[in-house]
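A.B. asks: My questions will all concern the structure given below.
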Amino acid sequence: MTNLNLRYLFSGAILVLLMSFSIYIKCFSNHDVAAQNLSQVFQFPSWSEPLGTDHFGRSNAARLADAICNSVVIALVSVTLAVTVGLVTGVISGWFGGWFDRIASVLVNMVMALPGLVLVLLLGAIVPGSYAFLLFGIAVTMWAEFFRVIRNKTQRLSKADEFENARLLGFGRLYRFRVHIWPYLKADVFTLVCFGAGNAILALAALGFLYVGLRPPQAELGMMMVELFRYYQVAPWVLMQPVLTLMLLIFSFYSLAQTKERLR
Numbered sequence: 001m002t003n004l005n006l007r008y009l010f011s012g013a014i015l016v017l018l019m020s021f022s023i024y025i026k027c028f029s030n031h032d033v034a035a036q037n038l039s040q041v042f043q044f045p046s047w048s049e050p051l052g053t054d055h056f057g058r059s060n061a062a063r064l065a066d067a068i069c070n071s072v073v074i075a076l077v078s079v080t081l082a083v084t085v086g087l088v089t090g091v092i093s094g095w096f097g098g099w100f101d102r103i104a105s106v107l108v109n110m111v112m113a114l115p116g117l118v119l120v121l122l123l124g125a126i127v128p129g130s131y132a133f134l135l136f137g138i139a140v141t142m143w144a145e146f147f148r149v150i151r152n153k154t155q156r157l158s159k160a161d162e163f164e165n166a167r168l169l170g171f172g173r174l175y176r177f178r179v180h181i182w183p184y185l186k187a188d189v190f191t192l193v194c195f196g197a198g199n200a201i202l203a204l205a206a207l208g209f210l211y212v213g214l215r216p217p218q219a220e221l222g223m224m225m226v227e228l229f230r231y232y233q234v235a236p237w238v239l240m241q242p243v244l245t246l247m248l249l250i251f252s253f254y255s256l257a258q259t260k261e262r263l264r
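Each step along the sequence shown adds one to the number in full-length UniProt numbering, with nothing skipped, and position 230 is 230.
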């Protein structure tokens, strides 16, 4: 088994384990993400509380499971929106050019004039805690990058000899896209999706760290870190839980992005 296969399996296993933990705690346990018990503050891990409790006596397992679910769902939905719009607009711009390409390029330049995190921060600050604004802000930021990569590659592919030969032989646009464009795009799209998911989780954590992301009683990794940081000397194991979870999530998606050669 090659190193690439091992990295692919290891990264996938981490994601599966984290999501399995989140689903099990949320669906099959009686832990409540918002329930407080001030008599059990910073309780050590036990059978009833496998990850202990925080400074309000809340279940760390329930909060971590909710944070994983929120981060992954928002990341995947925003990436799906970004890659769908980016693929459609990028292929049209690169293939046909014209007025559509000019308008789309201007919009992309406007989006990329601001750093991605600043743009998401501005949108998140308008309606703090809103799923819709978070999804929209992250998706718009990633769409610009998806569009540029897909447009540039489609532009080169549409000028290739085999593409022109297929047109002269009377093959339709759908056939030419399926045979002469998509096979050369899918590896790059896969890489962009994996990097985009990792960046979306990181952006969401940064927003939570600044208190403009999701709001209580919902849990979020960045918000958990900033709440628990002041207690790192009292209960360091509690602070390390969201930190390690964030690191594992980002590591997994970034490692998967390096396996694009499997799709070629």
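Backbone N, C-alpha and C define an ideal beta-carbon position, used for all residues, glycine too. These numbers were taken from a predicted model, which means no experiment stands behind them.
Just verifying my parser: in three-state terms, what is the DSSP assignment at Leu263?
C.D. replies: Because Leu263 carries a pLDDT of 45, less than 50, the predicted location of this residue cannot be relied on, and the following value inherits that uncertainty. Leu263 falls in the helix class under three-state DSSP.
A.B. asks: Would you say the beta carbon of Leu246 is closer than 8 Å to some non-hydrogen atom of the ligand PLP?
C.D. replies: Judged by which ligands are present, the structure shown has none, so any question about the ligand PLP falls away.
A.B. asks: Buried or exposed, going by whether 16 or more other CB atoms sit within 10 Å of the CB of Gln233?
C.D. replies: exposed
A.B. asks: Assuming Ala197 contacts Ala75 under a Cβ cut-off of 8 Å, what Cβ separation, rounded to an integer in Å, is found between them?
C.D. replies: 5 Å
A.B. asks: Would you call the region 64-75 in contact with the region 129-138, where contact means no fewer than 3 C-beta pairs closer than 8 Å?
C.D. replies: yes
A.B. asks: Classify Ser59 as helix, strand or coil using the three-state DSSP reduction.
C.D. replies: strand
A.B. asks: Would you mind working out which of His31, Phe56 and Asp32 sits nearest Gln43, comparing C-alpha positions?
C.D. replies: Phe56
A.B. asks: Using a Cβ-Cβ cut-off of 6 Å (strictly less than) and excluding sequence neighbours within five positions of Gln58, which residues of its own chain qualify?
C.D. replies: The sequence shown places Arg at residue 58, not Gln. Once the five neighbours on either side are set aside, the close Cβ partners of Arg58 are Gln36.
A.B. asks: CA-CA distance, Ala187 and Pro45?
C.D. replies: 43 Å
A.B. asks: Work out the CA separation of Val238 and Gly52 for me, nearest whole Å.
C.D. replies: 8 Å
A.B. asks: Count the other C-beta atoms from every protein chain shown that fall within 10 angstroms of the C-beta of Met247, then say buried if there are 16 or more, exposed otherwise.
C.D. replies: exposed
A.B. asks: Among Gly213, Met223 and Phe21, which one has its Cα closest to the Cα of Ala125?
C.D. replies: Gly213
A.B. asks: Locate the alpha helix (DSSP H) running through Val108, then write down its first and last residues.
C.D. replies: Gly98 to Met112
A.B. asks: Just to confirm before moving on: does the CB-CB distance between Val85 and Phe133 stay below 9 Å?
C.D. replies: no
A.B. asks: Determine the extent of the alpha helix (DSSP H) in which Trp237 is found, giving its start and end residues.
C.D. replies: Start and end: Pro236 to Ala257.
A.B. asks: How many whole angstroms separate the CB atoms of Arg176 and Phe163, which I take to be in contact at a CB cut-off of 8 Å?
C.D. replies: Distance from Arg176 to Phe163 at the Cβ level is roughly 6 Å; contact confirmed, criterion being Cβ atoms closer than 8 Å.
A.B. asks: Kindly give me the distance between the Cβ atoms of Ile23 and His31, rounded to whole angstroms, as I take these residues to be in contact under 8 Å.
C.D. replies: Their Cβ separation, rounded to whole angstroms, is 13 Å, which puts Ile23 and His31 out of contact at 8 Å.
A.B. asks: In angstroms, rounded to a whole number, what distance separates the CA positions of Leu123 and Gly116?
C.D. replies: 11 Å
A.B. asks: Could you compute how far the alpha carbon of Asp101 sits from the alpha carbon of Ala166?
C.D. replies: 23 Å
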